[in-house]
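Residue numbers (the numbering used here), protein chains in the order written: chain A, 1 to 583; chain B, 584 to 907; chain C, 908 to 1091. One structure is given below, encoded as C-alpha cells.
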Amino acid sequence: MSEHHKETFLTKYVFSLDHKMIAKQFLITGMFMGVIGMLMSILFRLQLSNPGESFAVLEFFLGEKWAPGGILDPNIYLALVTMHGTILVFWVLTAGLTGTFANFLIPLQIGARDMASGFMNMLSYWFFFAATIVLLYSLFVESGPAAAGWTIYPPLSALPQAIPGSGLGQDLWLIAITLFVVSSLLGGLNYIVTILNMRTKGMTMSRLPLTIWALLIVAILGVLSFPVLLSCALLLIFDRSFGTSFYLSDIIINGEALHNTGGSPILFEHLFWFLGHPEVYIILLPALGIVSEVISVNSRKPIFGYKAMVGALIVIAFLSFIVWGHHMFITGMDPFLGSVFTFTTLLIAIPSAVKVFNYLATLWRANIRFTPAMLFAIGFVSTFITGGLTGLILGDSALDINVHDTYFVVGHFHIVMGVSAIYGMLAGVYHWFPKMYGRMMNKKLGYLHFWVTFISAYGVFFPMHFLGLAGLPRRYYTNSAFPMFDGLSDINEVITFFAIIGGLVQLLFIFNFFYSIFKGTKATENPWGSNTLEWTTPVERIHGNWPGEIPTVERWAYDYSKPGADQDFVPQNVPLKEGESEH
Amino acid sequence: MSILVGLIILLSVIVLVQILRVNELISEVKDQDANEITDKDNNVQGILTFAIFGVLFLGFVLWQFKYWGVHILPPASSLHGAKIDTLMNFTLGVILIVFFLTQPILAWFSLKYRGRKNSVAYFYPHNNKLEVIWTVVPTLILTPLIIYGLNVWNDITSTDTGNSKVIELYAKQFNWTARYAGEDNTLGKANYKLVEGLNVLGVDMEDTTAQDDIVTREVHLVVGESVLLKMRSQDVIHSAFLPHFRVQMNCVPGMTTQFGFTPTQTTAEMKEQEGEDFEFVLLCNKICGAAHYNMKMKFIVETQEEYDAWMASQETLKNTLTLN
Amino acid sequence: MQLNLKKNKASKQLLWIGIVSIVMFFGGLTSAYIVRKAEGGWLEFEMPIWFTISTVAIVISSTLLLFAAQNVKAGKSGTSLLIGTLFLGILFSYSQIQGWGDLVAQGVYLTGVGSNASGSFIYAITLMHLLHLIGGLVALTITTIKSKQGKYTKDNYLGIQLSSIYWHFLGILWLYLFLFFTYS
C-alpha cells in the first residue's frame, strides 16, 4: 500500500526515501562524473600522442597555470591520470553501477515495497553526494588534485614535497574516499538485509534472478573489503598529518632528511590491494548479473546453467580475496608467496570460463532480439573474453616481471573494467530505462552509440598490449624521452584518435537518455516480455511498487520459450499449469 | 571562441531533437512503433555483429600483430629472460587459440540465431555434463600452464647469486646512480642520514668494505657474467625496469630489494641486430613524480677486456670521498 | 505486529552486518600491527594501568546494560541502569585519555623523535575504538532519554536491543584489543 503524504519537490526528487529515486540519483551523479573522467582521459591522451604540441582545448579546460601555452604540465598530467582512475573506478563503476542497479532492482525483483531501511538508503546517497563535492572541489585547489595515481602509494602520496598533488589535493581525496566508503557500506548493509529478509512469498533463493545473486555477493564483498581501505587510509592520514612512520622510512626529499624510520610502503600495498582486488570484482559482478538477465530475456531462452552461474559467482568472489598479491609480484616479496598468488590468480580463470561458456550456450539456438541492451551484453562477452585472457599473462608472476606497470596492464584492466563493466552498465540502462522512466530510449541512436563505442573501445585498448610488450611503462607523461619508444608514436596516435571518437559518441548516449526521459515514446508495462517481477509494476511507478498485493512467486525467472506455454515467456508470478513441472 | 563552440553544441542538440521528433512522427503516421525491434532490425544487427565482432575485429587483431608486432621487444638478452620468453610464447599461444575459437563462435551464434518472428528458441536450461566438461577442460589447460609458470618463477627466484657481481642501483627523484661493490664484492653500509655533498648515496666511509666501492652514472656488464642488482631508493617508490633483460624490481625507501641475472648479448651484438641506435637502458617503472618519464641510465654489455678498460678509469670511493 | 517483527529483525541484521564491517576495519589495523612488529625495531613497553581501569569500566557497563535490558523485558524500567551504563562509558573515555597521558609520560610517543610504530599503533587504534565508542555513547544517550520518557515496553524495546548489541560489541572489541596489545 502506498503512503499518502504530501510530496514536495524536495521530498520527491531530492530527499527521497524511495529506492527507485535514489537509484536514479546514483545513476545521474555517476553519469556526470563519467563525463568528467572521460574528458580527463581525452586531455591526457592528446598530450601522449602529440607530445610538446600546443592544444587550445587543454588551456581551455585547465587554464594557464596547468596548461601554459596549451601544453600540459607534467604534474597535472599525473593528477589527471590519478583523478581519471579514481573517478572511473569508484564513482562511476562502483557507485554508478551498483548504486543504481542494486537500489533500483533489488526491491522490484525480489517483490518488496522498498529497502529494509529507506532512511539508511537515502543517507547512502547523501554520503556519496558529499564525497563527490569534496572530490570535485579538490580539482580547484592551488596545488592541484591528488596526483600519485589512483593507487596512492606512499611515500609519493604522503609527501607534498614529492609532488604538489600530495598536499591539500591528497587530503581532500582521502576525505572523499572515506565518505565514499561509508556510502558504499550503508548501501551494502541494506542490499544484504533486504535480499535476505524481504523477498515476497514464493521467492526462494533458488528462484532469485541472477542479477540479485550478483548484487548480493557484491554487497558481501564490499562489507568485508572496503573497511580495510579505511584502515589503510587511516595510517596514511597519520603519516601525512601527524608524522608517524607506518609507511615511511629513510627518506630524503627536496634535500631534507625526514625523521621517519621503520615504516614500510609495502605494508600500504598489502592493505590497499586487500581491498583493491575485491574492488575490481565489485565492479565486474553486477555487470555479470545484468548481462545474464539481458542475454536471457533477449535470447528468449533460459540462462544456461543457472546453478553453475551462481556457483561461479560465489567461487569468483571467494577467490578474489586471496589473489591481491598479484599486484605486488615485483616488490621483492617472498618468492613462495609469489607462487601462492600466481596459483590462486590463475584459478580464477576457471569459474570465469564457465560463465563465458554458459553465455555462449545461452545464445545457441536462441531467437535473438537485438535491442541496444542486447548488443552491449554480447559486446560484454567479447571484451570479457579478450580482457580475461590477458589476465593469464599478468597473473603469472614470471611473465609479470616484464609487463608489470606497462601498457599491457593498462590494456588489460581497461578492457575488463573500462569496457566490459561499462558495457554491462550501459546494457542495464538501456534495458531498464522503460521501467525507470516509463518511456523507451531511441533505438536508432542506441544502435549508433553501440557500434561506434564497440569499434572505438577496441581501437583504443587492444593496441595497448603491443605498447606494453614493447616495454612502454604506464603513467609516463611522454614517450619521447627514450629513443627505444620512437617507433610507437603511430600506435599512440591511433589510440588517441579512437579515444576522441569513442568519447564523443557517449554524448549521443547522454542526449538519448535525457531526451527520452521527456520525449521518449511511452513504454508499456513489459516491453521486453520479461519474466522478472519488476515488469509487473505499473508504468507510472508508485511508492511501494505494486498498487495492490505484492505478486507471489511460483517459478524461477527463466521460463522463456518453455514448451507448452502460451507465449515465449512466463512471468515468475504465473502459477504452474496442471501437470507442469518447475524447472 | 567558446561562445562559438557553445552555439554549435546548442545547434547540434536542437537538430538532433528535431530529427528524432520527425522520426517518431513518421512512425506514428505509418502506425508503427518507432522503437520496436523488427525482423529487419534483427537481420541487420545480426549481420553487423558477425561482420564486426567476427570479421573486422579479428582481422584488426591479426593486422595489429602483423604491423605492430614488430615493436614487441627483441628476444631476451639474459639467461632467465630466455626462459620467460619461452613461457610467454607458450602462454600467448594458448590464449590466442582460445581467443580465435571463442570469438568466432560468439559472432557466428549472433548471426545464425538472429531473431525472426516465427522462430522459437530451444528451451535448454542446463546440462550438467557440459558444465563438467567446460570446467574440467579449462582446468586441464591451466594446470600445465600454472606448473610451468611456477617452475620458471622458482628458477628465477632461487638462482644462486652467491658468486654474482654485486651492483647497487640507487633511485631518487629523478635519476639513477650505480655503485659497484669493488674487489671485495661487498657493498659498504649506507645510511640516508649520511647523504651529504659528494656522498650522494649516503655510504658509511667508516665501513672498510666501502672503501673500494665505485659510484658511476652508467653500468657496464661483462657478457655471460652473473650480476646481482641491489636496489635502494632515496625518496619514493621507484622501479628498476630493464626490459631487454626481463628484469624489474621496485626500489623502496627503507629497504633493499634485489634481482640477479646474467646478460647473454653484448651491446655491440644488439646494435648489429637491432640497429646502430640500440642501447640497453634502465627505466623507472613506478610513478614517482613529475619527471617519472625521464629517469634513465645506460647499461652496456661488453667483453671482459672492454669492461676492464672502463673499470680502470673509474675512481673508488676511497679516493673520491675521503680526504687523503 | 508482523511488520514490527520484520522491522526489528531487519534492524538487528543491519547492525550486525555493520559490526562485521567494523571488525574488518580493526582486523586490517591489527594485521598491519603484526606485520610491522615482525620486521623488528619494535619498542616494548607496559600497558598503562589506566587501560586496565578502562577494561573494568567497560565490562561493568555492559553488565549494567544487560540488567537494564532484562528489567525492561520483565516490564520494569531500565532507566537508572542505563544511566549507570552511560556513566561508566564516560569513565571509559576518561580513562583512555589518561592512559594516553601515561604513555607519553613513559616516553611512548605517537610521533616525532623517539617515537616508534609500536606506540603509534596503540594511539591510532585506541583512538579509533574511542571514536566508535562515542557513537555508542550517542546511541545510549538517546536510548536513556527515551527510556526516561517511558517509550519502551516489554514487547517493544528495539532501541535498547540495538544499543546493547553495539555496546557489548564495543566491549568485546576493547577486550580483544587490550589482550592483543598486552600479549602479542
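Where is the CB? At the ideal position from N, CA and C, for every residue including glycine.
Exercise for review: Tell me whether the beta-carbon of A/Ile71 lies closer than 9 Å to the beta-carbon of A/Leu533.
Suggested key: no
Exercise for review: Report all residues from its chain with a CB closer than 6 Å to the CB of C/Ser928; omit the five preceding and five following residues, and keep chain order.
Suggested key: none
Exercise for review: Find out if the Cβ-Cβ distance for the pair C/Thr937, C/Ile1032 is shorter than 9 Å.
Suggested key: yes
**Study point:** For A/Leu174, the first and last residue of its enclosing alpha helix (DSSP H)
**Key:** 168-197
Check your understanding: Going straight from the alpha carbon of B/Glu751 to that of A/Asp405, what length do you get?
Key -> 22 Å
Review point. Within 9 Å (strictly less), CB to CB, does B/Leu603 reach chain A?
Key: yes
Check your understanding: What is the rounded straight-line gap between the Cα of B/His709 and the Cα of A/Gly305?
Key -> 4 Å
Practice item. With DSSP collapsed to three states, give me the class of B/Asn782. Key: strand
Review point. Around the C-beta of B/Asn833, are 16 or more other C-beta atoms found within 10 angstroms, so that it is buried, or is it exposed?
Key: buried
Practice item. Residues of the region 467-478 of chain A with a CB closer than 7 Å to any CB of chain B: list them in chain order, please. Key: Leu469, Ala470, Gly471, Pro473, Arg475, Tyr476, Tyr477, Thr478
**Study point:** Burial state of A/Ala353, where buried means 16 or more other Cβ atoms lie within 10 Å
**Key:** buried
Exercise for review: Could you confirm whether any beta carbon from chain C is found closer than 9 Å to the beta carbon of A/Thr261?
Suggested key: yes
Review point. Just to confirm, are A/Gly37 and A/Met83 a CB contact at a threshold of 9 Å?
Key: yes
**Study point:** In DSSP terms, what B/Ala754 is bridged to
**Key:** B/Trp759, B/Ser816
Review point. In three-state DSSP terms, what is B/Met894?
Key: helix
Review point. Should A/Gly579 go down as buried or exposed, given a rule of 16 or more other Cβ atoms within 10 Å for buried?
Key: exposed
Practice item. Taking A/Thr362 as part of the alpha helix (DSSP H), name the residues at either end of that continuous run. Key: 349-363
Check your understanding: Got a sec: is the Cβ-Cβ distance from A/Met440 to anything in chain B below 9 Å?
Key -> yes
Exercise for review: For B/Ala895, collect the residues of the same chain with a Cβ closer than 7 Å to its Cβ; drop the 5 residues on either side in sequence, then sort them by chain order.
Suggested key: none
Point to revise | Simplified DSSP state of B/Asn606, which is helix, strand or coil | key: helix
Review point. Could you give the distance in angstroms between the alpha-carbon of C/Pro955 and the alpha-carbon of C/Asp1009?
Key: 6 Å
Check your understanding: When the cut-off is 9 Å and only beta carbons count, does A/Ser117 lie next to chain C?
Key -> yes
Check your understanding: Since A/Thr244 meets chain C, which of its residues come closer than 8 Å, beta carbon to beta carbon?
Key -> Leu1017, Thr1018, Ser1022, Ala1024, Ser1027, Ala1031
**Study point:** C/Leu1044 versus C/Lys919 - alpha carbon distance
**Key:** 18 Å
Check your understanding: Nearest CA to the CA of C/Leu995: which residue from C/Ile967, C/Thr986, C/Val1020?
Key -> C/Ile967
Review point. Under a CB-based cut-off of 9 Å, is C/Gln920 close to chain A?
Key: yes
Exercise for review: Report the three-state DSSP secondary structure of B/Cys871 (helix, strand or coil).
Suggested key: coil
**Study point:** Buried versus exposed, by CB contacts within 10 Å (16 or more), B/Asn907
**Key:** Low local confidence applies: a pLDDT of 45 at B/Asn907 is under 50, so the model's placement there is unreliable, and no value is given.
Practice item. In the DSSP assignment, find the unbroken alpha helix (DSSP H) run with B/Gln647 in it and report its ends. Key: 640-651
Practice item. Tell me A/Thr406's beta-bridge partners as DSSP assigns them. Key: A/Pro473
Practice item. Please confirm if B/Val864 has its CB atom under 9 Å from at least one CB of chain A. Key: yes
**Study point:** For A/Ala116 and A/Met1, the rounded distance between their alpha carbons
**Key:** Reliability fails at A/Met1, whose pLDDT of 40 lies under 50, so the model's placement of it is uncertain and the value that follows must be treated cautiously. Spanning the two alpha carbons is a distance of roughly 16 Å.
**Study point:** the region 310-321 of chain A in contact with the region 814-830 of chain B per 3-pair CB rule at 8 Å
**Key:** no
Check your understanding: Near A/Lys301, what residues of its chain come up, given a Cβ to Cβ distance below 7 Å and the 5 sequence neighbours on each side ignored?
Key -> Thr362, Ala366, Tyr560, Ser561
Exercise for review: State the DSSP-derived secondary structure class of A/Ile303, mapped to helix, strand or coil.
Suggested key: coil
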